[in-house]
Amino acid sequence: MEKFKELCRGRQIIIIGSLMTIVSLLLDWGAWGIMEANGFELRAFLIIFALIYPLYNSYQNKDLDKKKAMISLGIGLVFIFYIRIVAFRNYFGNVPGLRMLIGMKMAIVGIIIAMIGVRLIKNNEY
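Residue numbers (the numbering used here): 374 to 499.
This is the structure we're talking about:
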């Protein structure tokens with residue numbers, strides 16, 4: 374916890390947004406259960422792997438390349454939108470459960486928060 378408090382505000386925001394996305398994807402109410410039932414686990418893992426670069430480099434206080442971080446978060450956002458729009462329409466006739474919609478919205482908001490955190494980091498700020 375002390376290490377988290379020593380980080381700059383932008384890095385703290387990246388960590389909070391990334392963890393919010395990962396937690397909302399892994400919980401059963403956050404669409405993990407439905408993805409597991411329909412074979413979408415791989416896409417959820419790809420979203421989590423896309424979040425590892427900004428999350429790890431932010432927490433370890435390493436030099437964070439903004440362009441790579443934004444591309445990585447953008448890939449995660451594309452996969453979330455794919456699962457949210459295409460997969461739900463194909464399997465559920467565009468009527469997913471309310472809890473799953475909330476979980477996917479939390480995942481989308483988490484990635485957007487992490488993107489804002491990347492933009493807040495100034496050059497060589499730790």
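Glycine included, every Cβ here is placed at the ideal spot set by N, Cα and C.
Which of the three DSSP states is assigned to residue i in this structure?
i    : result
Q433 : coil
I485 : helix
L380 : coil
I420 : helix
I386 : helix
K478 : helix
I494 : coil
Would you kindly work out how many angstroms separate the C-alpha atoms of residue i and residue j, rounded to a whole number?
i    : j    : result
I489 : L398 : 20 Å
I387 : L428 : 7 Å
V396 : A480 : 8 Å
K376 : L493 : 19 Å
Y426 : D436 : 11 Å
G449 : F418 : 10 Å
I475 : M393 : 13 Å
K378 : Y432 : 11 Å
L380 : S445 : 21 Å
K440 : K478 : 24 Å
D438 : A487 : 14 Å
V491 : I389 : 12 Å
V451 : L424 : 12 Å
Y455 : M443 : 18 Å
Which word fits residue i, buried or exposed, when buried means at least 16 other C-beta atoms lie within 10 angstroms of its C-beta?
i    : result
R422 : The question names Arg, but residue 422 is Phe in the sequence shown. The residue is exposed, with fewer than 16 neighbouring Cβ atoms inside 10 Å.
R384 : buried
I458 : exposed
I484 : buried
Residue range of the alpha helix (DSSP H) that residue i falls in?
i    : result
K440 : 439 to 454
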